[in-house]
Amino acid sequence: MLSRITLAIPSVNASAELQDHYNKQIILWLSACALTIYGMILLGGVTRLTGSGLSMVEWRPIMGVIPPLNTNDWEILFVKYQQFPEYKLINNGMSLNEFKKIFMYEYLHRMLGRFIGIIFLLPFLFLGITRRIPKGLSPKLFAILVLGAAQGILGWYMVQSGLTDDPRVSQYRLTAHLSNAIIIYSCIIWVTLDLGNRPERQSTHLLLPSCLILVLIFFMIVSGGLMAGTRAGYAYPTFPLMGDSFIPAEVYSMQPKWLSIFEDIATIQFNHRILAYLTTLSIILFVIEALRSDISDALKTSAKCIFVLITLQVSLGISTLLLHVPIPLAAAHQSVAVALLTASIFITHTLYRAKVPLNPHQS
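Going by this note's numbering, the residue at position 150 of the sequence shown is 223; the numbering climbs one at a time, nothing skipped.
Next comes the structure, spelled out in C-alpha cells:
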C-alpha cells in the first residue's frame, strides 16, 4: 500500500508540471491575441480618423478577403462607392488614387479582424481537443469567442448606419463597437493573468479603489467613442474652459435632458472632460496611498506606471483638443487609453488574487 502511494506522488507532480507547461502555451497564445486586438483598436481609430470606414460598401466575409488585383477591380469598387451618399455629399470629385488610400485602411481593418478570429479560434479548438485547457477556462474562452463573433456583426451594423442618406456612422453603433472591443480585450487580459502565478500575500485595502479606477477608465474610453462618433472634439478647442466658461450653456440643453449625454456635442465633450478629471484625481490619490502601503514592489512599480500613463494621456488629450484633432495625436490618445486600461486591469487583478488582509501601512 505504501509503495502505491509513493508511486502516485511523482505521477501527480508530473501531471501538474505538464499542466503548467500547457498553461504557458495558453498564456503565449492569449497574449498574442491581446496584442493583436490592441493593434486592431488602434487601426480602427485611424480608420475612423481618416474617414475611411465607409469606403467598403459591401460585407463579404469570405470573398471580401481578396483585395483589388488590377485597375479594373479598383474601378469597379470605386463606381460602387460613388453610388453612396458619402461620395456624393462629402467626397465628390475624389480621385481613384485618393479612394485607394481610404479603401486600404478599411480593408486592413477588416482583414485584421478576420486574422484575430483565426488566431483565436484555431488554437482554441486544438487546445480543447487535446485537453490542454484547464478546468473552468473553456466556458470563459467560449464566451470571448461569442463576443468576437458579435464584434464582426457589430462592425458591419455600424458601417450600414453610414450608408444612408446621412453619411455619418451612428455614434451609438460606433460606441457599441468600441466598447465590445474593449470588453473582449479586457477579458483576454484578465484570463491570461489568471493563468499566472498567484501574487504574494499583501494588503488588499486598495482593491476597491482600483476597481473604481478601472470602471472610470472604461467609461472614459466609452465617452471617447461618443466624442469620435459626434466629432465633439472639434466643438470647443480650448482648455481649461470650454469656450468662455467651464460649463457652457448648451450642456444638457436637449429635451429630455438624458438625450444630451448621447447626442449633444457640448454635453458629450463636457462629460468626457469630467470623466478625465475624476480618473486623473482618483489615480493620483491611489498612487499616493499605494506608495505608502504595505504592498509588493511589483504593485508599487505598477502604480508608478499608471501615474505616468495618466499624465501622458491628459497631455495628449489636451494637445489633441487644442490642435483640432490631428490624426497622429488622436491615435496616440486612443492607444495610451488602452495602455492605461491594461495597467489598471493588472493592478486590480493582482489585488483581487491577493485577498489577504494585512496592515495597510508600513510600520
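We put the CB at the ideal spot given by N, CA and C, even for glycine.
Classify I135: buried if its beta carbon has 16 or more other beta carbons within 10 angstroms, exposed otherwise. It counts as exposed.
Assuming N170 is part of the alpha helix (DSSP H), what are its boundary residues? Looking at the DSSP string, the run of the alpha helix (DSSP H) that includes N170 is 169 to 202.
State the start and end residues of the unbroken alpha helix (DSSP H) segment that holds I206. Premise fails: I206 is in no alpha helix (DSSP H) and is neither H nor E.
Hey, could you find the ends of the alpha helix (DSSP H) N253 is sitting in? According to the DSSP assignment, N253 belongs to the alpha helix (DSSP H) that extends over 244 to 267.
Cβ-based neighbour list, L453, same chain, cut-off 8 Å, excluding 5 preceding and 5 following: An answer regarding residue 453 cannot be provided, because it is not within the stretch 74 to 436 covered by the chain.
Out of curiosity, what's the CA-to-CA distance linking L251 and I262? In this model, L251 and I262 are separated by some 17 Å (Cα to Cα).
Check the C-beta distance from A349 over to M293 and give it rounded, since I have them as a contact under 8 Å. A349 to M293, Cβ: 6 Å. Contact.
Decide yes or no for the touch test of the region 322 to 338 against the region 294 to 310: beta carbon pairs closer than 8 Å, at least 3 of them. They touch, by the three-pair rule.
Could you tell me whether any Cβ in chain B is nearer than 8 Å to the Cβ of T393? Considering every chain present, this structure includes no chain B. It has just one protein chain.
In this structure, how does DSSP classify M293 when only helix, strand and coil are distinguished? It is helical.
Would you grab the beta carbon distance between A371 and A363 for me? Rounded to a whole angstrom, and I think it's under 8 Å. Rounded, the Cβ-Cβ distance is 11 Å, inconsistent with contact.
So, L287 versus I418, is the Cβ gap smaller than 8 Å? Contact: yes.
For T393, which residues in the same chain have their Cβ closer than 6 Å to its Cβ, ignoring the five residues on either side in sequence? If we look at T393 and ignore the five residues flanking it on each side, its Cβ neighbours are L402, A403, H406.
Which two residues bound the contiguous alpha helix (DSSP H) that contains I361? Unbroken alpha helix (DSSP H) run through I361: 338 to 364.
Could you check the C-alpha separation between G269 and I99 for me, to the nearest Å? Here the alpha carbon of G269 sits roughly 10 Å from the alpha carbon of I99.
Just to confirm, are I110 and I257 a CB contact at a threshold of 8 Å? Yes, the pair counts as a contact, with Cβ atoms nearer than the cut-off.
Given 8 Å, three or more beta-carbon pairs between the region 149 to 165 and the region 226 to 244: Judged by pairs of C-beta atoms under 8 Å, the region 149 to 165 touches the region 226 to 244, as three or more such pairs exist.
Quick one: measure Cβ to Cβ for S128 and E179, integer angstroms, because I've assumed they're closer than 8 Å. Confirmed, about 5 Å.
L210 and F197 - do their beta-carbons sit closer together than 8 Å? Taking 8 Å as the Cβ cut-off, F197 and L210 do not qualify as a contacting pair.
Would you decide whether R271 is buried or exposed? Buried here means 16 or more other CB atoms lie within 10 Å of its CB. Using a 10 angstroms sphere on the CB of R271, the tally of other CB atoms stays under 16, which defines it as exposed.
Could you compute how far the alpha carbon of A222 sits from the alpha carbon of W229? When rounded, the separation of the alpha-carbon atoms in A222 and W229 is 12 Å.
Whose CA, out of R205, G117, G297, I290, lies closest to the CA of V232? Per the Cα distances, G117.
Out of L382, L354, H278, I379, point me to the one whose CA is closest to Y425's CA. Closest option to Y425, Cα to Cα, is H278.
Rounded C-beta distance between I114 and A254? I'm assuming under 8 Å. Contact between I114 and A254 holds: their C-beta atoms lie close to 5 Å from each other, under 8 Å.
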